[in-house]
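2 protein chains.
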Amino acid sequence: MEGKTEISSLSEAVIYDIADFYKVFGDSTRIRILYALMENELNVGELVQALNLNQSAVSHQLRVLRQNDLVKFRKDGKTIVYSLDDSHVTVLLQQGLEHILHKKVYD
Amino acid sequence: MEGKTEISSLSEAVIYDIADFYKVFGDSTRIRILYALMENELNVGELVQALNLNQSAVSHQLRVLRQNDLVKFRKDGKTIVYSLDDSHVTVLLQQGLEHILHKKVYD
DNA sequence: ATAATACATGAACACATATTCATATGATTA
DNA sequence: TAATCATATGAATATGTGTTCATGTATTAT
Numbered sequence: 001m002e003g004k005t006e007i008s009s010l011s012e013a014v015i016y017d018i019a020d021f022y023k024v025f026g027d028s029t030r031i032r033i034l035y036a037l038m039e040n041e042l043n044v045g046e047l048v049q050a051l052n053l054n055q056s057a058v059s060h061q062l063r064v065l066r067q068n069d070l071v072k073f074r075k076d077g078k079t080i081v082y083s084l085d086d087s088h089v090t091v092l093l094q095q096g097l098e099h100i101l102h103k104k105v106y107d
Numbered sequence: 108m109e110g111k112t113e114i115s116s117l118s119e120a121v122i123y124d125i126a127d128f129y130k131v132f133g134d135s136t137r138i139r140i141l142y143a144l145m146e147n148e149l150n151v152g153e154l155v156q157a158l159n160l161n162q163s164a165v166s167h168q169l170r171v172l173r174q175n176d177l178v179k180f181r182k183d184g185k186t187i188v189y190s191l192d193d194s195h196v197t198v199l200l201q202q203g204l205e206h207i208l209h210k211k212v213y214d
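Laid out in structure tokens, this is it:
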């Protein structure tokens with residue numbers, strides 16, 4: 001594409017990338033992980049405990065989140081601490097939440 | 108939930124609703140339909156032609172989009188014309204696009 | 001060095017979902 | 001009324017995806 005981004009000229013590749021991007025957010029386990037990391041950085045074991053999930057499931061989903069640059073990680077002693085990749089991710093999560101809260105009423 | 112929306116207290120129901128919401132955007136056919144409708148309102152036949160898709164596939168996906176209040180429709184003679192439900196949807200689509208364009212380089 | 005800990009990975013399985021084909025519905029035209 | 005057109009729907013199928021189990025790898029502690 002050249003110059004201004006015209007929706008009409010969205011290439012197939014971009015279409016698939018957009019869908020793939022949203023797909024990452026379209027799983028409740030990943031959403032739970034992301035919102036948990038929004039408060040604190042956490043290592044894998046802490047995520048497993050906090051979310052009451054299988055360790056393997058968490059690792060698999062963390063890989064997906066890593067591959068999509070949504071989380072970053074660092075070593076800390078024996079553990080690996082995950083955190084949101086940047087504030088942009090936080091903004092996206094907030095928007096998703098606001099959209100839902102705007103649509104529905106939860107008591 | 109009460110008062111300010113604290114991420115920490117996100118209920119399971121909200122988590123699932125957020126994931127379901129993103130899931131709708133996580134399919135390339137639906138994304139193509141939505142971006143097509145971003146330019147013009149279109150009837151089903153026009154969508155089928157413009158996107159080179161099976162009529163049944165389009166109808167099935169339009170139902171998903173309807174159920175999630177992303178598109179609205181009206182009768183126009185023999186056809187049913189679909190359009191984006193409100194400008195909020197447009198904003199969301201623009202953000203998805205910008206996020207992808209920001210991340211990757213398309214020539 | 002061995003054992004234990006923390007996490008990642010691969011394969012198998014179960015489940016969800018998109019597409020297609022066939023057909024139904026409903027409105028319009030002849 | 002019969003036929004046609006536009007769209008919707010249901011069932012079947014194929015493909016994708018998340019979870020689990022088993023195991024691998026790397027690091028730390030004994």
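Chains P and X are the protein sequences, given in the same order.
If you count the first sequence from 1, position 88 lands on 88 in this note's numbering, and the numbers rise without skipping.
If you count the second sequence from 1, position 15 lands on 122 in this note's numbering, and the numbers rise without skipping.
Backbone N, C-alpha and C define an ideal beta-carbon position, used for all residues, glycine too.
Chain-ordered neighbours of residue i on chain X, where CB pairs are closer than 7 Å
{"i": "P:Ala50", "result": "Here the premise fails: no neighbours, minimum Cβ distance about 10 Å."}
{"i": "P:Gly45", "result": "What P:Gly45 touches in chain X: nothing, since even the nearest Cβ is about 19 Å away."}
{"i": "P:Ser28", "result": "Ile122, Tyr123, Ala126"}
{"i": "P:Lys23", "result": "Gly133"}
From the options, residue whose alpha carbon lies closest to that of residue i
{"i": "P:His102", "options": "X:Leu158, X:Val196, X:Asp183", "result": "X:Val196"}
{"i": "X:Tyr189", "options": "X:Leu169, X:Ser118, X:Tyr129, X:Leu200", "result": "X:Leu169"}
{"i": "X:Asp183", "options": "X:His167, X:Gly152, X:Thr136, X:Ser135", "result": "X:Gly152"}
{"i": "P:Ile80", "options": "P:Leu70, P:Ser59, P:Gln94", "result": "P:Ser59"}
{"i": "X:Val178", "options": "X:Tyr213, X:Leu191, X:Leu117", "result": "X:Leu191"}
{"i": "X:Ser135", "options": "P:Leu34, P:Ser28, P:Phe21", "result": "P:Phe21"}
{"i": "P:Glu12", "options": "X:Ser194, X:Ala164, X:Leu158, X:Asp124", "result": "X:Leu158"}
{"i": "P:Leu92", "options": "P:Leu34, P:Tyr16, P:Asp17, P:Leu10", "result": "P:Leu34"}
Rounded C-alpha distance that separates residue i from residue j
{"i": "X:Asn175", "j": "X:Leu160", "result": "21 Å"}
{"i": "P:Ala19", "j": "X:Phe132", "result": "6 Å"}
{"i": "P:Gln49", "j": "X:Leu144", "result": "44 Å"}
{"i": "X:Val121", "j": "P:Leu97", "result": "8 Å"}
{"i": "X:Thr112", "j": "P:Ile100", "result": "In this prediction, X:Thr112 has a pLDDT of 48, which is less than 50 and means its spatial position is unreliable; what the coordinates show is noted afterwards. Approximately 12 Å, taken between the alpha carbons."}
{"i": "X:Lys211", "j": "X:Arg181", "result": "38 Å"}
{"i": "P:Glu39", "j": "P:Arg66", "result": "18 Å"}
{"i": "X:Arg137", "j": "P:Leu42", "result": "35 Å"}
{"i": "X:Lys185", "j": "X:Gln162", "result": "16 Å"}
{"i": "X:Asp124", "j": "X:Val171", "result": "14 Å"}
{"i": "P:Ser87", "j": "X:Tyr213", "result": "24 Å"}
{"i": "X:Leu117", "j": "P:Arg32", "result": "9 Å"}
{"i": "X:Lys296", "j": "P:Leu47", "result": "Examination of residue 296 of chain X is not possible in this model, given that chain X is present from 108 through 214 alone."}
{"i": "P:Ala57", "j": "X:Gln201", "result": "32 Å"}
Within chain P, the residues that residue i reaches when beta carbons sit closer than 8 Å
{"i": "X:Ser190", "result": "Those within 8 Å of X:Ser190 in chain P number zero; the least Cβ separation is about 14 Å."}
{"i": "X:Arg139", "result": "Ile15"}
{"i": "X:Ile207", "result": "Val14, Asp17, Ile18, Phe21"}
Interface partners of residue i on chain X, CB under 8 Å
{"i": "P:Lys104", "result": "Asp124"}
For a minimum of 4 consecutive residues, which ranges assigned as the alpha helix (DSSP H) are wholly contained in the stretch 126 to 190 of chain X?
135 to 146, 151 to 158, 162 to 174
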